[in-house]
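Chains as they are written, first to last, in the numbering used here: chain X, 1 to 842; chain C, 843 to 1050. Encoded as structure tokens, the structure appears first; notes follow it.
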Amino acid sequence: MADTKLVGQNYTTPDIVAKVTGKAKYAEDFRADGMLFIKLLLSPMPHARVRRINSDAAMALPGVRGILTADDLPAPAEGRADNGAVIQASMLNERALTMEPRYKGEPILAVAAVDELTAAEAIELIQVEYEPLPFNVDPLDTLRPDRPNPRTEGNVWTRTPVPPPTPAAGAPPAAAPAGPPPTRPDIKEVKWTATDFDEYDLGKLPMGENIDPSLNWSYGDIEAGFKESELVLDETFSTAANANLPLESRSTMAYWRNGKLFLHGSTQSTAQTVPAVARWVGIDVKEVIVISEYTGGGFGSKVAGSIQMAIPALMARKISAPVMMRINQEEEHYIGRVRPAFHGRMKVGFAKNGKIKALDMYWLADNGPYEQQHDCGTGARMASLIYQPESMRFRGMSVVTNTNPTGSQSQPGGMNVVAIIEPILSKAARKLNIDHVDIHRVNCPAGKAQFGPPNAKGARAYATSAFVKEALDKGAEMFRWNDRKANSGKRNGSKVRGIGVSHSGYIAGSVGFDGLILIRPDGIVQFQSGIGNLGTHSVIDVHRVGAEMLGVPWERCEVVWGDTSRNLPWSCISGGSQTIHAMTRSAHAVATETIKRLQEIAAKTLGGTPESYKVGGEKVSSGGRSMTFAQAAQKAIELGGKYDGHEAPENVNGFTKVAIAGLAGKGLVVAARDTYPRDGATHSFVATFAEVEIDVETGAYAITDFLAVADVGTVINPRSLGGQVLGRSMLGISHAIGQKIVYDQHYGVPLAVRYYQNRPPSILDTPKNWKWVAVGLPDPETPVGARGIGEPPVGSGTAAVLNAISDALGDEIFRRAPVNADAILTSLEAGRPVLEALTAHI
Amino acid sequence: MTDSPLADLPNPSVSRRNFIKGVIAAGATVSSASYLFRTAVVSGQQSSGGVERLITLNVNGQDRPVDVMKQETLAWTLRYKLGLTGTKLGCDRAECGACTVLIDDVPHYACSILTHSVRGKKVTTIEGLAAADGTLHPVQRGVVEEQGFQCAFCMPGFVMAAVGFLKTNPNPTRQELAHGVSGNLCRCQDYDKILTALSRGAELMRGA
């Protein structure tokens, strides 16, 4: 978009005054008449079977109104993953309550009472008889031949063939379906041999059999690649599990009215949470209203709400009263989702100029007890995209453990692969005597860069665009890389400085969602937004595109969001950096359609052809003939049909059709689905530069300078973009400087269950100077040119700091992240990395 | 003992047992401190040594009569008795600062102050920062102008901490201001924009 007035400009979002005056209501701020309060009974053991529950004393306590157990839950139903893939109903997946807890802190039952104190007292009165079961919180340990499995089914996710449906008696046998036979996720036992573990004692990740066919692929000839390599490095490294810890926990309030569930919840996505809740509660999507005007952070942990939302919903139905489930921060630590830890081994062959000839990648994801996360496979595809190895073999497994349930956290899988490969790139640059920026230039993706394994026809997927070289060049200049290089590694008293560079990338947008606009008879343009308001501002930002195209002043626009009873269209999940890309496309589609309708209305009213009319300045005009938006809206109501929402376009989602019907007759109602073509898969990138100053006498270090250059296409809202780039960089920095989850291996319980034990970075941990800038080149495969950015800065935030530490102190400091002062000091003294990479959660 | 006009009303007691239950619920168990709406079920005579429950608090310039249990924290009273939900509970354990309010102009974590201890003091919450006519406080204006914060769950606490800090140091450097609000966590990690917004607020405050 050229010559924009709104797109690319800073503005004040319409929700900020409510936020800054305390009027903004988050889920737990709501009250309903007669509302009861829930407390949860959480498992004290990492794995057990509940033999007996005696709740007599609890139920006899005055003020106690009801109990909910796993028996009250509907049977598991089919669902959809972040990426839109169907998740088949499975008894292996997580449920809101369980009779077989598989991690310490898993909810077993809920009690509702007149107040929270009474509910808590009732929980204390409940007697639960547990049969302890074998447990394991260390993924590698589960693979040892004599060690326990975390689940009765086994220890590793894989896919097994789905048995064909039994044909009805007498029916002819069904023809075999085309394509590969269908499979479903399954958990199996995998035990490696003692010989497989021989390398363990050398600090190298053993590489036994991996059984998941989807996590086993290759392209090119890696053996030839290694042969042609000037340098081959074989490194084992691990990254930590990290809890999402949004400041607002996943508290939920629910009540039923006229057969409908009204749910006040904390979710990243508004429209997309409706089918999720319907599935968890076992009702139709038409029976669910989700209210979520403000969400206090999610970072991937509340993509479409949380499965625990079913607890107050089902309790409210069972006892016919509104129910509030307040989740405190300790409970949030248990149920609030964790980024999987990884143990990885990379054998990388480099040409003389630093180009990666071959990458042999093996890694294990600590999947926690439930649904297989995509981190393991996605991370491998991202490795092939971000570093463009000439040949690659990938093997991986998602290993089940009795740790907190895992889920997405910004740049899932991608963050880990960047954090693991970047230090190897940095080491190679030192060994080959290549400039660190240059080794990134040689290996970064450009244009329609290919990634992942070839498909059945031998073709590989590719990006829509990539401008990473441009980002690296811009960054090197702004960061004064060459000047700083001269001082790097030089001692000043006990202080030594080092500089690091990293680049990173991730999926940055989906397609195919709906836009919905109402132009009211008062002339206001009302944008219906099914996007969640999780703090990225995209819930509002994307509609600036529509306002821009319609030529309407922003002051004459309103955005409706946060309540699915208010006629919201089907929108993408607000997770995985989907929104800015997906929903600017929808905004573009619906604005294009709105212009067309306005032209048609003007031609019908004033004569002439629709094409002769121009839309702008809140008017539709052609020569001397003109009508205002207000008049056009009034005329739309008179015309009815497709003009005022009484007819809906065929191709929009059913969810949107309901919203259109809800707006019918209120003005000019226009909906449209994004059907724009796209050649490639949308990804965004970032180049990150960091300088650290380390005190070698204490091991303490500070990040003195930091710069992130984002390749995100067209910028929609600069301040929001900057918040994402630096905010997500800071999440990455937390992975470098100290945030992690620690487990007691003996008892299988987490030792970090509060902020002070699992300390997120504070405002004093930020780089002393930090800046961001956008490359500013539009993506050619989307009409607005914009891509998402929430993901890539995380991995390169981690890696730029790690590389700066190595630059200052050499390669023998760390084999796992985070790297805190203690790790630096003890490793400096020992002359080797003290913390090994194979034990989980230390 | 109190200037409350309601002080002479029958005063349901806080028994030792209820106090201990509250502590248990707040601490070692699966629960946290509870909503204390027990007025409906708690009754009877005031026991000797009991603490008055009907007290008057000065919140945002208004005297508010309120029924307060002995063990109740100010955050609970504000949120669940007085309906001032702008004060957020992030951790409820003095770790995150989301519940920061001013007590006689000094920032405090409301989750870690017993309500009874603020009798006779001036409590200011985020709802009381703007003028009666809705004119925003300069720090609030700074946030609006700079579009500071993302999800904003931490915002009320940060704003109150900044307002309190700026009363002692109206002209801080960026680094000093960061120290002034370093008792508050932002999980969106929007610290750069937060500091810019609060710095702008400080500027506006000096100009006011």
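Backbone N, C-alpha and C fix where the C-beta goes; we use that ideal spot for every residue, glycine too. The model shown is predicted, which means the values in this text are computed figures rather than measured ones.
- Here the alpha carbon of G66 of chain X sits roughly 10 Å from the alpha carbon of L36 of chain X.
- One thing to note: S251 of chain X has its Cβ no nearer than 7 Å to the Cβ of A32 of chain X.
- Listed in chain order, the alpha helix (DSSP H) elements of length 4 or more contained wholly in the stretch 607-662 of chain X are 629-639.
- Annotation for D514 of chain X: the continuous beta strand (DSSP E) segment containing it runs D514 to I519.
- For Q329 of chain X, the enclosing alpha helix (DSSP H) has its first and last residue at Q329 to I335.
- In the structure shown, A786 of chain X adopts extended strand secondary structure according to DSSP, grouped into three states.
- For a Cβ distance threshold of 7 Å, residue set T21 and G22 of chain X lies close to I968 of chain C, ordered along the chain.
- Rounded to the nearest angstrom, the gap between the Cα atoms of G925 of chain C and A119 of chain X is 21 Å.
- Scanning the stretch 374-451 of chain X for uninterrupted alpha helix (DSSP H) segments of 4 residues or longer gives 375-387, 414-432 and 436-443, listed from N- to C-terminal end.
- Shown here, N803 of chain X sits in a helix according to DSSP, grouped into three states.
- With a cutoff of 7 Å on beta-carbon distance, A1039 of chain C and E988 of chain C are scored as near each other.
- Counting along the chain, the unbroken alpha helix (DSSP H) around S734 of chain X starts and ends at P718 to I737.
- When X:G641, X:R759, X:N533 and X:R159 are compared, the shortest CA-CA separation from E371 of chain X is found for X:R159.
- What G535 of chain X touches in chain C, judged by beta-carbon distance under 7 Å, is Q992, C993, A994 and C1030, going in chain order.
- Residues of chain C whose Cβ lies closer than 7 Å to the Cβ of D29 of chain X are, in chain order, T927.
- Residue contact check for G1022 of chain C against chain X: no CB pair falls below 7 Å.
- The beta carbon of R1016 of chain C lies closer than 8 Å to those of L1037 and S1041 in the same chain, with the five residues before and after it left out.
- Per the coordinates, the alpha-carbon of I335 of chain X lies some 38 Å from the alpha-carbon of A672 of chain X.
- Contacts between P760 of chain X and chain C, judged by CB atoms closer than 7 Å, involve L1027 and R1029 in chain order.
- Under the three-state reduction of DSSP output, S502 of chain X falls in the strand class.
- Here DSSP, grouped into helix, strand and coil, assigns V742 of chain X to coil.
- In this model, R345 of chain X and Q745 of chain X are separated by some 23 Å (Cα to Cα).
- DSSP lists X:M253 and X:I291 as the beta-bridge partner residues of H264 of chain X.
- Annotation note: the stretch 138-163 of chain X contains the following uninterrupted alpha helix (DSSP H) runs of length 4 or greater, listed N- to C-terminal: 139-142.
- In the structure shown, N482 of chain X falls within a helical segment according to DSSP collapsed to helix, strand and coil.
- For W280 of chain X, the enclosing alpha helix (DSSP H) starts and ends at T273 to V281.
- The Cβ atoms of P792 of chain X and S622 of chain X lie no closer than 7 Å to each other.
- T536 of chain X carries a coil assignment under DSSP once its states are collapsed to helix, strand and coil.
- Not one beta carbon of chain X lies nearer than 7 Å to the beta carbon of V960 of chain C.
- N487 of chain X carries a helical assignment under DSSP once its states are collapsed to helix, strand and coil.
- In the three-state reduction of the DSSP assignment, I955 of chain C falls in the coil class, being assigned neither a helical nor a strand state.
- A Cβ-Cβ distance of about 6 Å is found for the pair W570 of chain X and F513 of chain X, placing them in contact under the 8 Å criterion.
- Contact between V692 of chain X and V801 of chain X holds, since their C-beta atoms are separated by about 6 Å, short of 8 Å.
- Per DSSP, S1041 of chain C lies in no beta strand (DSSP E); the unbroken alpha helix (DSSP H) holding it starts and ends at Y1033 to G1049.
- CA-to-CA, the gap between E638 of chain X and R625 of chain X works out to about 20 Å.
- Chain X has no Cβ within less than 7 Å of the Cβ of Q904 of chain C.
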